[in-house]
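The structure under discussion appears below in the form of structure tokens.
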Amino acid sequence: MELDIKLKILQENDVTDEYVNWFHQKEVILFSDNQYKNFTLEGQKEYVKSKLNDEACNLYGIFHKSHHIGNIILDNINTIHKRAEISYVIGNIDYWGKGVASKAISEIIQLARNKFHLNKLNAGVADKNEGSKKVLIKNGFKIGGKKKKHLFYNNQWMDQLDFELILNERI
Numbered sequence: 004m005e006l007d008i009k010l011k012i013l014q015e016n017d018v019t020d021e022y023v024n025w026f027h028q029k030e031v032i033l034f035s036d037n038q039y040k041n042f043t044l045e046g047q048k049e050y051v052k053s054k055l056n057d058e059a060c061n062l063y064g065i066f067h068k069s070h071h072i073g074n075i076i077l078d079n080i081n082t083i084h085k086r087a088e089i090s091y092v093i094g095n096i097d098y099w100g101k102g103v104a105s106k107a108i109s110e111i112i113q114l115a116r117n118k119f120h121l122n123k124l125n126a127g128v129a130d131k132n133e134g135s136k137k138v139l140i141k142n143g144f145k146i147g148g149k150k151k152k153h154l155f156y157n158n159q160w161m162d163q164l165d166f167e168l169i170l171n172e173r174i
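So that you can map any letter, position 136 of the sequence shown is 139 in the numbering used here, and since no number is skipped, the others follow by simple counting.
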């Protein structure tokens, strides 16, 4: 059964200790540059504030009922070339494997198409991140390229898979 989730633009008051603690869990940051950052409540509030002021970005919180469980971002929105990048985190691991990331990506695709009138979405993924690859493929993304030994996570080099979705090809 798929969970009912809602996306809403993340605000500074959505940043809580629970939110910050996501990024202190090894399994949450395993395939992310976040493993190299030091997360604090004030730092995350500043990050959210900076994204609110960035016209080329929309940072959404993923909410189940009223509980903030993750984030998804439409970033580097290029209005000339009609493209953007997406990335996401399901920070509350109790929601892993329940279709949350897939549903959030599906909703971002609709926003990208209908609100922002974009033509293409991109997502870069560590080749060992099976969960992320699976949800992108489920949502129609295809591998458009591969960068060899492009990421250094957990003391090892990993390839990056560059996924892409041409929005006007999706029904």
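Note that beta-carbon positions come from the ideal geometry of N, C-alpha and C, so glycine has one too.
What does residue i pair with, by DSSP beta-bridge criteria?
{"i": "Tyr91", "result": "Ile75"}
{"i": "Asn81", "result": "Arg86"}
{"i": "Lys149", "result": "Leu164"}
{"i": "Gly64", "result": "Lys11 and Asn74"}
{"i": "Gln159", "result": "Tyr156"}
{"i": "Asn125", "result": "Glu88 and Glu167"}
For residue i, collect the residues of the same chain with a Cβ closer than 8 Å to its Cβ; drop the 5 residues on either side in sequence, then sort them by chain order.
{"i": "Val103", "result": "Leu6, Ile8, Ile65, His67, Ile72, Gly73 and Ile93"}
Return the residue from the list the options that minimises the CA-CA distance to residue i.
{"i": "Leu77", "options": "Asn41, Gln28, Cys60 and Asn24", "result": "Cys60"}
{"i": "Ile96", "options": "Tyr50, Leu33, Ala129 and Asn158", "result": "Leu33"}
{"i": "Tyr50", "options": "Leu13, Glu110, Gly100 and Val31", "result": "Leu13"}
Rounded to the nearest angstrom, how far is the Cβ of residue i from that of residue j, given a contact under 8 Å?
{"i": "Leu55", "j": "Val18", "result": "Not a contact, Cβ separation roughly 12 Å."}
{"i": "Gly147", "j": "Phe119", "result": "At roughly 20 Å, the Cβ-Cβ gap does not stay under 8 Å, so Gly147 and Phe119 are not in contact."}
{"i": "Ile112", "j": "Asn142", "result": "6 Å"}
Can you give me the Cβ contacts of residue i inside the same chain, cut-off strictly under 7 Å, excluding the 5 residues immediately before and after it?
{"i": "Ala126", "result": "Glu88, Ile89, Ser90, Leu139, Phe144 and Phe166"}
{"i": "Lys11", "result": "Tyr63, Gly64 and Phe66"}
{"i": "Ile174", "result": "Confidence in Ile174 is poor, its pLDDT being 46 and thus under 50, which makes the residue's placement unreliable; the coordinate value appears in the next sentence. So the list is empty, once near-sequence residues are dropped."}
Short of 6 Å in beta carbon distance, which residues of its chain neighbour residue i, apart from the five on each side in sequence? Order them along the chain.
{"i": "Ile80", "result": "Ala59 and Ala87"}
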